[in-house]
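Student: Mapped onto the numbering used here, the consecutive letters of the sequence shown carry residue numbers 125 to 341. Positions of the beta carbon are idealized from the N, C-alpha and C atoms, including for glycine.
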Amino acid sequence: MHWVSTIRLITFVLATLFSIIVVALSADLIALTGPFNYLTFSPLTLSTGLLTILTIIPMFIVDLCGQGAFFSYTIVEIVWFSILWSLWLSAGSYAAWTDSLYTKNSSTLTRCTLTLNNMANVLQACSEIKAITAFSFLVWILLMAYTFILLGVCIRAHGRGHSPWTKAVRDGALFLPAEIAVASPVQEPPPMIAVQPSSPQQTLSSTIPYSSPPQTM
125 MHWVSTIRLI TFVLATLFSI IVVALSADLI ALTGPFNYLT FSPLTLSTGL LTILTIIPMF
185 IVDLCGQGAF FSYTIVEIVW FSILWSLWLS AGSYAAWTDS LYTKNSSTLT RCTLTLNNMA
245 NVLQACSEIK AITAFSFLVW ILLMAYTFIL LGVCIRAHGR GHSPWTKAVR DGALFLPAEI
305 AVASPVQEPP PMIAVQPSSP QQTLSSTIPY SSPPQTM
């Protein structure tokens, strides 16, 4: 297993694990704040986490079971993970902005100003907002780092004369050495063969012109 395949596996596992955590926290936060009074960032983090789980796991399974599957192409991974990390960046930034609205920092304590029916729910909701923000940014960093690493490796492989865009990471086509152009051998004309006469008579007959004898009347 090459180092890019190892990074890919670690990224898939951690991104899936963190997405599950974000989905669970977002669903619980919606339940705490009520279905009609929920914080507006929580549906974004919930849907982004579900989208990540429902795409990474099938991509990994299809890559293990099938050879040359469309979902395993490097160009597909680069494009799709670029979309995903953009969504995670938006979700994490929105969650961080919401946290700044309801968190008041002073010299002695940090107070949450979220208004709910139960004070215990307020403290739990504010803690979940911070956790959702942290895990959203972690998934963003993981997916963005893997995307740029894969893009750099593909550009390098393309510069060596290969076509890595429709290959899977585990195929090893990204790490082949540069192609060496083999010059075709120059075809020489066949040698001229001189025909040697077999006897002196043939030599004389070929050099002395033949003349017919004069006719008598």
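Report the option in L247, T164, V200 whose CA atom is closest to the CA atom of T227.
Tutor: It is L247 whose Cα lies nearest to the Cα of T227.
Student: In three-state terms, what does DSSP make of T130?
Tutor: If DSSP states are grouped into helix, strand and coil, T130 belongs with the helices.
Student: CA-CA distance, I304 and F195?
Tutor: With a pLDDT of 42 at I304, under the threshold of 50, the predicted position of this residue should be treated as unreliable, though the coordinate-derived value follows. Approximately 31 Å, taken between the alpha carbons.
Student: Just to confirm my understanding: we take L153, look at its own chain, exclude 5 residues before and 5 after, and list those with CB closer than 8 Å. What are they?
Tutor: So the qualifying residues of the chain are Y162, L163, S166, A249, E252, I253, I256.
Student: For the alpha helix (DSSP H) that contains V203, what are its first and last residues?
Tutor: First-last of the alpha helix (DSSP H) with V203: 198–226.
Student: Which residue from G173, L208, S210, S214 puts its Cα closest to that of A148?
Tutor: Taking only the C-alpha atoms, the option nearest A148 is G173.
Student: Using alpha carbons as the reference points, say which of N245, F184, V277, T271 lies closest to L208.
Tutor: Considering only alpha carbons, the answer is T271.
Student: Taking the C-alpha atoms as reference points, what is the distance between V203 and T179?
Tutor: Straight-line Cα distance between these residues: approximately 13 Å.
Student: Is the CB-CB distance between V277 and V186 below 8 Å?
Tutor: Taking 8 Å as the Cβ cut-off, V277 and V186 do not qualify as a contacting pair.
Student: Taking 7 Å as the limit between beta carbons, can you name the residues of its chain near S206, skipping five residues before and five after?
Tutor: Result list for S206: T271, in chain order.
Student: Buried or exposed: where does P182 fall if 16 or more other Cβ atoms within 10 Å of its Cβ makes it buried?
Tutor: Exposed, by the Cβ-count rule.
Student: Under the rule that 16 or more other beta-carbon atoms within 10 Å means buried, what is G216, buried or exposed?
Tutor: Buried.
Student: Are the Cβ atoms of L213 and W264 separated by less than 8 Å?
Tutor: Contact flag set, yes.
Student: Which residue marks the beginning of the alpha helix (DSSP H) containing G158, and which one marks its end?
Tutor: G158 -> no alpha helix (DSSP H), and no H or E assigned at all.
Student: If I follow the unbroken alpha helix (DSSP H) through V293, where does it start and stop?
Tutor: It is not in any alpha helix (DSSP H) - V293 carries neither H nor E in the DSSP assignment.
Student: Taking C-alpha atoms, which residue in I145, L266, I134, L274 lies nearest to F184?
Tutor: When each option's Cα is compared against that of F184, the closest is I134.
Student: Between L213 and chain C, is the shortest Cβ-Cβ distance under 8 Å, so that the two count as touching?
Tutor: Protein chains in the displayed structure number just one, and chain C is not present.
Student: Hey, I199 and S143 are a contact pair by Cβ (cut 8 Å); roughly how many whole angstroms apart?
Tutor: At roughly 23 Å, the Cβ-Cβ gap does not stay under 8 Å, so I199 and S143 are not in contact.
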